[in-house]
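One structure is given here, and the rest of the page talks about it.
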Amino acid sequence: MIRYFLPTLLLISTALWAQLTAPPLKISWEIIENNHQGKSASLTAFTITNTGKKPLPKNGWTMYFNFVRKVDTTLSTDLKVRHINGDLFQLVPTANFQGLKPGASVQVNFISEAWVVNFTDGPAGLYWVWDQQPEKGYSLTDYTIKPSTQPRQYQRFAGDKLGLITPAMTFAQNKSIQDIPEKEIPKILPTPQHYRETGASLVITPETKLFAPADFKEEASFLAAQLSSMLGKPLVSSTQKTEAAIVFRVDSSLAKEAYRLIVNEKGAEIAATDRAGAFYGMQSLIALLPPTSWGKTQASLTVAGVEVNDQPRFGHRAIMLDIARNFHSKKQLLKLLDLMGFYKLNVLHLHFSDDEGWRLEMPSLPELTQVGATRAHSNTPLKNLPPAYGSGPDPTANAGTGYYSRLEFVDILRYATARHIKVIPEIEAPGHARAAIKAMEARYVTKLAEGRKVEAEKYLLHDPADRSVYRSVQMYNDNVINVALPSAYRFLETVTDDILAMYREAGAPLETIHYGGDEVPTGVWTSSPAVEKLRQQNPELKTTDDLWYYFYGKINDLVQKRGLFLYGWEEIAMRKTLLDGKSHIIPNPDFVGQDMQVDVWNNVLGWGAEDLAYRLANAGYKVVLSCVTHLYFDMSYYKSFDEPGYYWGAYTDVDKPFSFIPYDYFKNSKEDRLGNPLDRSIFNGKERLTDYGKQNIVGIQGLLWSETVNSPERMDYMMLPKLMGMAERAWAPSPAWAETNDEKAYQKAWSVFANQLGKRELPRLDSFAGGYAYRLPTAGAVVEGNQVQANVQLPGLTIRYTTDGTEPTVNSTVYSQPISVSKGMKFRVFNGAGRGGRTVEVNP
Numbered sequence: 000m001i002r003y004f005l006p007t008l009l010l011i012s013t014a015l016w017a018q019l020t021a022p023p024l025k026i027s028w029e030i031i032e033n034n035h036q037g038k039s040a041s042l043t044a045f046t047i048t049n050t051g052k053k054p055l056p057k058n059g060w061t062m063y064f065n066f067v068r069k070v071d072t073t074l075s076t077d078l079k080v081r082h083i084n085g086d087l088f089q090l091v092p093t094a095n096f097q098g099l100k101p102g103a104s105v106q107v108n109f110i111s112e113a114w115v116v117n118f119t120d121g122p123a124g125l126y127w128v129w130d131q132q133p134e135k136g137y138s139l140t141d142y143t144i145k146p147s148t149q150p151r152q153y154q155r156f157a158g159d160k161l162g163l164i165t166p167a168m169t170f171a172q173n174k175s176i177q178d179i180p181e182k183e184i185p186k187i188l189p190t191p192q193h194y195r196e197t198g199a200s201l202v203i204t205p206e207t208k209l210f211a212p213a214d215f216k217e218e219a220s221f222l223a224a225q226l227s228s229m230l231g232k233p234l235v236s237s238t239q240k241t242e243a244a245i246v247f248r249v250d251s252s253l254a255k256e257a258y259r260l261i262v263n264e265k266g267a268e269i270a271a272t273d274r275a276g277a278f279y280g281m282q283s284l285i286a287l288l289p290p291t292s293w294g295k296t297q298a299s300l301t302v303a304g305v306e307v308n309d310q311p312r313f314g315h316r317a318i319m320l321d322i323a324r325n326f327h328s329k330k331q332l333l334k335l336l337d338l339m340g341f342y343k344l345n346v347l348h349l350h351f352s353d354d355e356g357w358r359l360e361m362p363s364l365p366e367l368t369q370v371g372a373t374r375a376h377s378n379t380p381l382k383n384l385p386p387a388y389g390s391g392p393d394p395t396a397n398a399g400t401g402y403y404s405r406l407e408f409v410d411i412l413r414y415a416t417a418r419h420i421k422v423i424p425e426i427e428a429p430g431h432a433r434a435a436i437k438a439m440e441a442r443y444v445t446k447l448a449e450g451r452k453v454e455a456e457k458y459l460l461h462d463p464a465d466r467s468v469y470r471s472v473q474m475y476n477d478n479v480i481n482v483a484l485p486s487a488y489r490f491l492e493t494v495t496d497d498i499l500a501m502y503r504e505a506g507a508p509l510e511t512i513h514y515g516g517d518e519v520p521t522g523v524w525t526s527s528p529a530v531e532k533l534r535q536q537n538p539e540l541k542t543t544d545d546l547w548y549y550f551y552g553k554i555n556d557l558v559q560k561r562g563l564f565l566y567g568w569e570e571i572a573m574r575k576t577l578l579d580g581k582s583h584i585i586p587n588p589d590f591v592g593q594d595m596q597v598d599v600w601n602n603v604l605g606w607g608a609e610d611l612a613y614r615l616a617n618a619g620y621k622v623v624l625s626c627v628t629h630l631y632f633d634m635s636y637y638k639s640f641d642e643p644g645y646y647w648g649a650y651t652d653v654d655k656p657f658s659f660i661p662y663d664y665f666k667n668s669k670e671d672r673l674g675n676p677l678d679r680s681i682f683n684g685k686e687r688l689t690d691y692g693k694q695n696i697v698g699i700q701g702l703l704w705s706e707t708v709n710s711p712e713r714m715d716y717m718m719l720p721k722l723m724g725m726a727e728r729a730w731a732p733s734p735a736w737a738e739t740n741d742e743k744a745y746q747k748a749w750s751v752f753a754n755q756l757g758k759r760e761l762p763r764l765d766s767f768a769g770g771y772a773y774r775l776p777t778a779g780a781v782v783e784g785n786q787v788q789a790n791v792q793l794p795g796l797t798i799r800y801t802t803d804g805t806e807p808t809v810n811s812t813v814y815s816q817p818i819s820v821s822k823g824m825k826f827r828v829f830n831g832a833g834r835g836g837r838t839v840e841v842n843p
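Okay, structure coming up:
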């Protein structure tokens, strides 16, 4: 740490600095030590350099930043880190700080809980506020997150055996993947129940006629629009089945969502019993086209000849998208719906409310978006939400701000319905509800100032007299709805009815609303007068835990009166009890048989709840497998400083969703949440899924939480190509390797899937629906003797390299065989459109 004592005459006044914008500072942050002092803690540091021509004042300012780790101690005596709420922190000068001369630097070391591994762990959204301009925040853009130069610092504690992934490790992982000729690769993904290529291709031109009965007119129009966009001319719609080359047919003998597709040189027939089946048959027909058919016009299209009989394995095939932590535009959401429709996913679980945002306009309660949809710096209480996840001080042009208007949401619902996708909205309650709580508090303050006390209290979500002390996982102390307040239920009824009205307007189906239920911290409601009053009125509410069952009992009544069933996170189906005097959690018998559905995320290997999904299904709850180990798309692909995403539950590369065995995910789990080889003794005594329980596994869900997802490009990167593996497991029949746990059979299937991605699916996504910025894998490379060998996870992608230390470009040499070793060799994977992935370096 460098301390400078500046002469008084050299100090520039705060008032003069405040007339400027952000001070000219260069700031970096770096990992100094994980496992600090042998504890679950990390030592990191800011280094602040004054790059201007004037001294930085010794006081009169504050630097703000977001950081996802709780800071326990600041070691600097000049500057101190203070926690505000959630992930928002301040860096403030102490009385010891004497300012910073031009060219000088100061280092601020601080200790935080847990550990830091990749760049998205670092502080984000740095901005500056002058005391004389408390309402204005200035973004600090000259900021760098620096990797540690000591690889051992990425080993989080003594039991963390895995270091950063190296090119040699990647090479070893890729080595078993075979390069399969494209003509031998199945052309439809997810894999149909029965698929046979006949070699008799169909050529489609603008003169090709299309026929559909009235039942399937919309699906036929959808197909015609897709084909016409590639041909540059509209297809001819025929009123006579015998005249058409492409025919839709109703076949009531097929199951719900099932289809039959036959393509030969004479034509194509799609048979189904319902519109969804016709839609999926149409998508399979489109999948048979060459992957380069999109994004251009051509005189004709060649469709491979096939015989396909197909139907889904699970009825609930879902993607959960978090638009609350960081907002995703309507345009990006429609692109996701296009993707889901193509891969036969049929549920979008829309997480639109959380602590950091409320993203859906509610006509009855406009404050929810007026306050809860904007994140920005403000010194005015309840004007908006504070910055979070690096959203910065400005409410514009960042992912912290935004919402869907009522009309936009109606459009989204119609778009989804046309693709046979049900949208399930999630109202987070009672925890993760800060955006709603603060919006209703703002409403309360406004109405109270108008002298309208009854109206002010009508939708209040917190008890002003509550003195309970708690801290949520995300470090909030005010994010839980008080379930003893009648106004809380009035709020949820009103919001529910507003949502129902939008679905009616859109003509969209709605069977359930998700009411959250996860991560309510210890300490809530313990010192609330409203809770004490409720207990006096209801003697059966003996403990704070009993309030949980009281709350969800009332919510269950609310939804059932509206013809819906209750849906939530796993915690809504759990009951706390004692076993041998210790806290123990069991499936709650009170709600069994009430058509309640739960998302079960917690199967973290080593945490003790590995069998929770199976226990709940065996107990009678409808379960959607949402397992963090395989299906959380926001988990980092692997352990690397440059790979974005979280990793608390697992590392999740493309193979994880593909390898998931829904009815027995114990069977082939190979690594723990740290990436270390798995100690399989953790499964001893765990409950297996019974045949009865299998009937209650209603589906599979891939989830994208958005804490680190703040752009369309990052969303595509984290989602793709993981989504395709999840779609495969949700739709396709259980593969033989899953039944036998045959490693050789699995490796063969994995090779086929990897080739499908590299040679068909990803090339299609370069242009499909406007194109997607999917993740390109890093090259594997190993030095053997005096040569370097390289490989790629997804055959069909191209490896290019340089030997002079420069960054490989689309014009660099293509790797095709082992090459002589030289210092500073760099390898990079490119797709057919010329976009490159992340570069890796190999040194002898």
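Residues 0 to 843 (numbering that gives the first Met the number 0) are what the sequence shown spells out, left to right.
The C-beta atom is built at its ideal place from N, Cα and C for all residues, glycine as well.
As the structure is a computational prediction, the values presented were derived from the model and not from experiment.
I'd like the list of long-range same chain contacts for residue i, defined as Cβ closer than 7 angstroms, with 5 residues on each side in sequence excluded.
i, result
"Lys79", "Thr73, Val91 and Thr93"
"Ser292", "Met229 and Leu300"
"Leu459", "Met439, Tyr443, Leu484 and Ser486"
"Gly198", "Gly304"
Taking just the CA atoms, how far does residue j sit from residue i?
i, j, result
"Ser390", "Ala375", "8 angstroms"
"Ile11", "Arg763", "Note on Ile11: pLDDT 44, under 50, position unreliable in the model; the coordinate value appears next. Spanning the two alpha carbons is a distance of roughly 59 angstroms."
"Ala780", "Leu796", "15 angstroms"
"Ala832", "Leu499", "43 angstroms"
"Asn601", "Glu609", "7 angstroms"
"Asn263", "Ala243", "13 angstroms"
"Glu218", "Glu570", "39 angstroms"
"Pro23", "Gly51", "5 angstroms"
"Thr148", "Tyr613", "44 angstroms"
"Asp692", "Asp589", "As written in the sequence, residue 692 is Gly, which differs from the Asp given in the question. So the two alpha carbons sit approximately 18 angstroms from each other."
"Thr7", "Lys100", "Bear in mind that the predicted position of Thr7 carries a pLDDT of just 39, short of 50, making it unreliable; the figure below should be weighed with that in mind. Roughly 12 angstroms separates the two Cα atoms."
Closer than 6 angstroms by C-beta to residue i: which residues in its own chain qualify, once you throw out the five before and the five after it? Chain order, please.
i, result
"Leu393", "Here the sequence assigns Asp to residue 393, which means Leu is not the residue at that position. Contacts found: none."
"Glu407", "Lys329"
"Leu9", "With a pLDDT of only 37 at Leu9, under 50, the local geometry of the prediction cannot be trusted, and the value read off the model is given with reservation. Here the set comprises Pro54."
"Tyr636", "Glu642 and Asp652"
"Trp704", "Asp321 and Asp633"
Taking Cβ positions, are residue i and residue j nearer each other than 8 angstroms?
i, j, result
"Val185", "Gln755", "Correcting the residue identity first, residue 185 is Pro in this sequence and not Val. Yes, they are a contact pair."
"Val697", "His461", "no"
"Val307", "Ile187", "yes"
"Phe96", "Lys38", "no"
"Leu384", "Ala323", "no"
"Leu677", "Leu793", "no"
"Gly515", "Asn478", "no"
"Gly846", "Pro776", "For residue 846 there is no data in the structure shown, the boundaries of the chain being 0 and 843."
"Ile164", "Lys638", "yes"
"Lys621", "Asn695", "yes"
"Ile343", "Pro311", "Sequence check: residue 343 is Lys here, not Ile. Yes, the Cβ-Cβ distance between Lys343 and Pro311 is below 8 angstroms."
"Asp71", "Ala40", "yes"
"Ser467", "Thr525", "yes"
Measuring only between beta-carbons, confirm whether residue i sits less than 8 angstroms from chain E.
i, result
"Leu253", "The structure shown has no chain E; it contains just one protein chain."
Which residues in the same chain have their Cβ closer than 8 angstroms to the Cβ of residue i, if we skip the five residues on either side of it in sequence?
i, result
"Thr511", "Ile423, Val558, Leu563, Phe564, Leu565, Tyr566 and Gln596"
"Thr805", "Lys825"
"Tyr475", "Asn84, Gly85, Asp354 and Arg433"
"Ala223", "Leu209, Pro233, Leu234 and Ser236"
Ordered list of beta strand (DSSP E) runs contained in the stretch 750–827, each at least 3 residues: 779–783, 786–790 and 797–801
Continuous alpha helix (DSSP H) assignments of at least 4 residues falling wholly in the stretch 456–540: 485–505 and 528–536
Every unbroken beta strand (DSSP E) inside the stretch 161–198 [3 residues or more]: If we require 3 residues or more, the beta strand (DSSP E) runs fully inside the stretch 161–198 come out as 193–196.
Whole runs of the beta strand (DSSP E) within the stretch 205–255, excluding any shorter than 3 residues: 208–210 and 245–249
Segments of 3+ residues assigned as beta strand (DSSP E) that fall wholly inside the stretch 377–429: 421–425
Alpha helix (DSSP H) runs wholly inside the stretch 265–325, at least 4 long, in chain order: You should have 274–286.
Contact between the stretch 25–43 and the stretch 132–149 (3+ Cβ pairs under 8 angstroms): yes
Those runs of the alpha helix (DSSP H) which lie wholly inside the stretch 678–738 and span at least 4 residues: 690–693, 711–718 and 721–730
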